[in-house]
Amino acid sequence: MNAFVWAALGLCLGYLPLLCVVARRRPIDGLVALELGGVLLVLVLLCLAEGFHRSFGYSVAIVAAVMSWIGGLVFARFLGRWV
Amino acid sequence: MTNWAVDVLLALAVFFALACVVGVVVMPTTYDRLHYAGAAATVPAFLVLAAVLCREHLSGGGLEAIAAVGLLFFLFPVLLTATARAIARVEDGA
Numbered sequence: 003m004n005a006f007v008w009a010a011l012g013l014c015l016g017y018l019p020l021l022c023v024v025a026r027r028r029p030i031d032g033l034v035a036l037e038l039g040g041v042l043l044v045l046v047l048l049c050l051a052e053g054f055h056r057s058f059g060y061s062v063a064i065v066a067a068v069m070s071w072i073g074g075l076v077f078a079r080f081l082g083r084w085v
Numbered sequence: 016m017t018n019w020a021v022d023v024l025l026a027l028a029v030f031f032a033l034a035c036v037v038g039v040v041v042m043p044t045t046y047d048r049l050h051y052a053g054a055a056a057t058v059p060a061f062l063v064l065a066a067v068l069c070r071e072h073l074s075g076g077g078l079e080a081i082a083a084v085g086l087l088f089f090l091f092p093v094l095l096t097a098t099a100r101a102i103a104r105v106e107d108g109a
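In structure tokens, the structure reads:
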């Protein structure tokens, strides 16, 4: 366990409060929590890629950044229209 | 020296990321929560990038880390703007 793996574990702790927000608050608040979860995911993947010396992990982080952005845009579009 | 810098950068990144999570949880309005969600794509992301670059320098992994954080930094404001518009429609009926 090096510093990057510990940092990834620390960042993962942030998902627990976000899950509470998604489950208990309004859908639009859940969308904000989901977007923050996407940012945390990218940071966790970067830390794990460096911590375990897996070069493909950086590519996964890039894909996660783009996909979380697209997903957030889709949710924002549909929540703004129908909720 | 490098290990010490990496430890400090990662500790700061985790601290600021968790501070953003706390902000999203405890802030009273959705716009306030959005502000904290946006902050997570700047300070913690660049601290993690700095820590990675301390180890990788400008190798392939370092360049891909720059790309990932750059995508976050430049794309996330668009998402925040779209979310703010959705919040306005939900709350104000605009």
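Keeping their order, the protein sequence lines are chains A and B. For the first sequence, our numbering assigns the number 3 to the initial residue and increments by one for each residue that follows. For the second sequence, our numbering assigns the number 16 to the initial residue and increments by one for each residue that follows. By construction, the Cβ of each residue, glycine as well, lies at the ideal position given by its N, Cα and C atoms.
{"Query": "Classification of Ser-74(B) by the beta-carbon crowding that lies within 10 angstroms, buried from 16 upward", "Result": "exposed"}
{"Query": "Contacting residues, own chain, Cβ-Cβ under 8 Å from Asp-47(B) (five flanking each side not counted)", "Result": "Gly-38"}
{"Query": "Rounded distance between the beta-carbons of Thr-57(B) and Phe-88(B), thought under 8 Å", "Result": "7 Å"}
{"Query": "Residue from Trp-71(A), Gly-74(A), Ile-64(A), Phe-77(A) whose Cα sits closest to the Cα of Val-84(B)", "Result": "Ile-64(A)"}
{"Query": "Listed by chain order, chain A residues near Val-58(B) by CB distance under 9 Å", "Result": "By Cβ distance, chain A contributes nothing, its closest Cβ being about 11 Å from Val-58(B), past 9 Å."}
{"Query": "Selection of the stretch 14 to 26 of chain A by Cβ proximity to chain B, strictly under 8 Å", "Result": "Leu-15, Gly-16, Pro-19, Leu-20, Cys-22, Val-23"}
{"Query": "Reduced DSSP secondary structure (H/G/I, E/B, other) of Phe-89(B)", "Result": "helix"}
{"Query": "Nearest neighbour of Leu-81(A), chosen from Gly-39(A), Ile-30(A), Asn-4(A) [CA to CA]", "Result": "Ile-30(A)"}
{"Query": "Under 9 Å from the C-beta of Ala-20(B): neighbouring residues of chain A", "Result": "What Ala-20(B) touches in chain A: nothing, since even the nearest Cβ is about 10 Å away."}
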